[in-house]
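So the protein sequences, as listed, match chains A and B. If you're matching positions, the first sequence starts at 3 in this note's numbering and goes up one per residue. If you're matching positions, the second sequence starts at 197 in this note's numbering and goes up one per residue. Where is the CB? At the ideal position from N, CA and C, for every residue including glycine. Quick caveat, the model's predicted, so the values are computed rather than measured. Notes for the one structure printed next.
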Amino acid sequence: MIKYIVSALVLGIVVGYLNSNWGSVDAGFWVSDYVFNGALIVLLFVMGLVFGLDKESVSKMRKTGLKILVIPLAVALGSILGGTVSALVLGLDVVKTMTVTAGYGWYTLAGPLVGQLFGAQWGALGFVVNFLRELLTIVTISLTVKIDKYAPIALGGATTMDTTLPVIVRYCGSDSLIAAFSSGFTLSMAAPFTIMAIAALG
Amino acid sequence: MDLFFLRPFSSSNVPSRERLNLKQMILADCSVRAGAGFVIDLRMLYLVVPLVIGISFGYLLRERRKVNLGKVSLGVIIVLIFSLGFGIGSNGPLLRSLPEVGLDAVVILVFVLGFSVVLVWAAMKLVRWND
């Protein structure tokens, strides 16, 4: 299954690249916004349906309850801590690197926002770090799911409420739906604040 | 086909080359101030709605019969991932910055993902241990 997903991703990148250079702007916008969101809404409904139908998932979910919120907290801490350590290793500015990693994979936010705060070069880093995070979550899912059931959710960060959610549910099972969605949702809400808050430190 | 139900999220006054993605638009034009500089984005909830409707339907249909949606969802996943790739391929600034900062980005990402996975693993261990 992963080969279909990776092929679709690569094909999408190639077609999107060709279209943005020689094709129609409106067609491009239509695909990357309307088709994307239409598919996402259908998938969320279907995943919700499968989850609701499965007695086991619902009872597992009830058992864990609000404790599920430790996941986004751990991901946020891990991302910012990872930013600190990697900045020290690479000899980069610690605060600026932390703002980059506080995008939690949401590259269309982190890129422009960090760029606005610290200039184009940091914006580029914000773009690429978070974009690769999303990409790696999808491409490596068949491996990471073997490490730990929640590892793909940790990798996905803020993207687990939309782009990477269907792939995660497919691999980790229906009972991971609420854990993944709530983690992605919380981190998406938190990303702009944490970026701004960390930027205020520097 | 008129996709009027998706339209509220696109703003026509933004020049097409510079169009923002959905999440950014939500951030840009629909937010509620909740004191102390905190801003809550209400439209972020647009993805919660189909999820909650789906779960309710599933819950109600539970006793009826088995529904196999595996094949359906793989098809839609492919469409979603294709359009995700399409957005990436169309993102000129992103593609241009890849060779510039790619190596630093990979090193940063290794630490970020490592720490995230370990902390989530430890946190879930702690939660289960308390049960």
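Quick check on Gly85(A): buried or exposed, where buried means 16 or more other Cβ atoms within 10 Å of its Cβ? Walking along the first sequence from the start, residue 85(A) turns up at place 83. When all chains shown are included, Gly85(A) counts as buried.
Is Gly30(A) near Ser286(B), with beta carbons less than 8 Å apart? The residue labelled residue 30(A) in the question sits at position 28 within the first sequence. The residue labelled residue 286(B) in the question sits at position 90 within the second sequence. Yes, these two residues count as a Cβ contact at 8 Å.
Here's a check: name, in chain order, each residue in its chain whose Cβ is nearer than 7 Å to the Cβ of Pro154(A), leaving out the five neighbours to either side. Locating residue 154(A) in the first sequence gives position 152, where the first residue counts as 1. These residues qualify, in order along the chain: Thr139, Ile143, Thr146, Val147, Ile170, Tyr173, Cys174.
So the candidates are Ala201(A), Ala202(A), Ala160(A), Asp164(A); which of them puts its Cα closest to the Cα of Ala78(A)? Position 76 of the first sequence, counted from the start, is the residue given in the question as residue 78(A). Ala78(A) has its Cα closest to that of Ala160(A), out of Ala201(A), Ala202(A), Ala160(A), Asp164(A).
Under the assumption that Ala201(A) contacts Leu119(A) (Cβ atoms under 8 Å), give the Cβ distance between them as a whole number of angstroms. Taking the first sequence and counting its residues from 1, one reaches residue 201(A) at position 199. Taking the first sequence and counting its residues from 1, one reaches residue 119(A) at position 117. Sure, about 5 Å apart at Cβ, within 8 Å.
Cβ of Leu203(A) less than 8 Å from any chain B Cβ? Taking the first sequence and counting its residues from 1, the one referred to as residue 203(A) is at position 201. Not an interface residue.
If you follow the alpha helix (DSSP H) that Asp28(A) is part of, which residue opens it and which one closes it? Numbered from 1 along the first sequence, position 26 holds the residue referred to as residue 28(A). Counting along the chain, the alpha helix (DSSP H) containing Asp28(A) begins and ends at 27-31.
Closer than 9 Å at the beta carbon, the chain A residues around Trp317(B): The count along the second sequence starts at 1 and reaches residue 317(B) at position 121. By Cβ distance, chain A contributes Ala76, Ile149, Asp150, Tyr152, Ala153, Ala156.
Quick check on the DSSP output: the alpha helix (DSSP H) that includes Leu71(A) runs from which residue to which? By 1-based counting over the first sequence, the position of residue 71(A) is 69. Leu71(A) -> no alpha helix (DSSP H), and no H or E assigned at all.
What residue from Val275(B), Val316(B), Met320(B), Val308(B) has the CA that sits closest to Tyr6(A)'s CA? Taking the first sequence and counting its residues from 1, the one referred to as residue 6(A) is at position 4. Of the candidates Val275(B), Val316(B), Met320(B), Val308(B), the one whose C-alpha sits nearest the C-alpha of Tyr6(A) is Val275(B).
When the Cβ atoms of the region 313-321 of chain B are set against those of the region 90-103 of chain A, are three or more pairs found closer than 8 Å? no
Residue range of the alpha helix (DSSP H) that includes Arg172(A): On the first sequence, residue 172(A) is found 170 positions in, with the first residue counted as 1. 167-174 is the span of the alpha helix (DSSP H), which, as asked, contains Arg172(A).
Just to confirm my understanding: we take Asp95(A), look at its own chain, exclude 5 residues before and 5 after, and list those with CB closer than 7 Å. What are they? As a working mapping, residue 95(A) is identified with position 93 in the first sequence. Excluding residues within five positions, the ones whose Cβ falls inside 7 Å are Ala89.
In angstroms with no decimal places, state the Cα-to-Cα distance between Asn132(A) and Ile251(B). Residue mapping note: residue 132(A) aligns to position 130 of the first sequence, counting from 1. Residue mapping note: residue 251(B) aligns to position 55 of the second sequence, counting from 1. Approximately 30 Å between the Cα atoms of the pair.
Please name the residues in the region 104-120 of chain A whose beta-carbon is closer than 8 Å to at least one beta-carbon of chain B, in chain order. Trp108, Tyr109, Thr110, Leu111, Gly113, Pro114
Does Glu259(B) come out as helix, strand or coil in the three-state DSSP assignment? In the second sequence, residue 259(B) corresponds to position 63, counting from 1. In the structure shown, Glu259(B) sits in coil (DSSP, three-state: anything other than H, G, I, E or B).
Using a C-beta cutoff of 8 Å, does Ile7(A) count as contacting chain B? For the purposes of this step, residue 7(A) is identified with residue 5 of the first sequence, where counting begins at 1. Chain B contact via Cβ: present.
Interface positions of the region 56-71 of chain A facing chain B (Cβ-Cβ less than 9 Å), listed along the chain: Asp56, Lys57, Val60, Lys65, Thr66, Lys69, Ile70
Could you tell me the distance, in whole angstroms, from the CA atom of Tyr109(A) to the CA atom of Phe129(A)? Numbered from its first residue, the first sequence carries residue 109(A) at position 107. Numbered from its first residue, the first sequence carries residue 129(A) at position 127. Answer to the nearest angstrom: the Cα atoms are 5 Å apart.
Between Thr103(A) and the rest of its own chain, which residues show a CB-CB distance below 7 Å, the 5 nearest in sequence each way excluded? Within the first sequence, residue 103(A) is the residue found at index 101, counting from 1. Hits under 7 Å: Ser81, Ile82, Gly84, Gly85, Val131.
Would Ala182(A) count as contacting chain B if we go by Cβ distances under 8 Å? On the first sequence, position 180 is the one that residue 182(A) refers to. Output row for Ala182(A): interface = no.
Using 8 Å as the limit for Cβ to Cβ distance, is Val96(A) near chain B? Stepping through the first sequence from its first residue, residue 96(A) is reached at position 94. Answer no: the Cβ-Cβ gap between Val96(A) and chain B never drops below 8 Å.
Between the Cα of Glu136(A) and those of Gly254(B), Val245(B), Ile277(B), spot the shortest distance and give me the residue it belongs to. Translated into positions along the first sequence, residue 136(A) becomes position 134. Nearest of Gly254(B), Val245(B), Ile277(B) to Glu136(A), Cα basis: Ile277(B).
Let's test the definition: count the other Cβ atoms within 10 Å of the Cβ of Gly67(A) and tell me whether it reaches 16, buried, or not, exposed. On the first sequence, position 65 is the one that residue 67(A) refers to. Exposed, by the Cβ-count rule.
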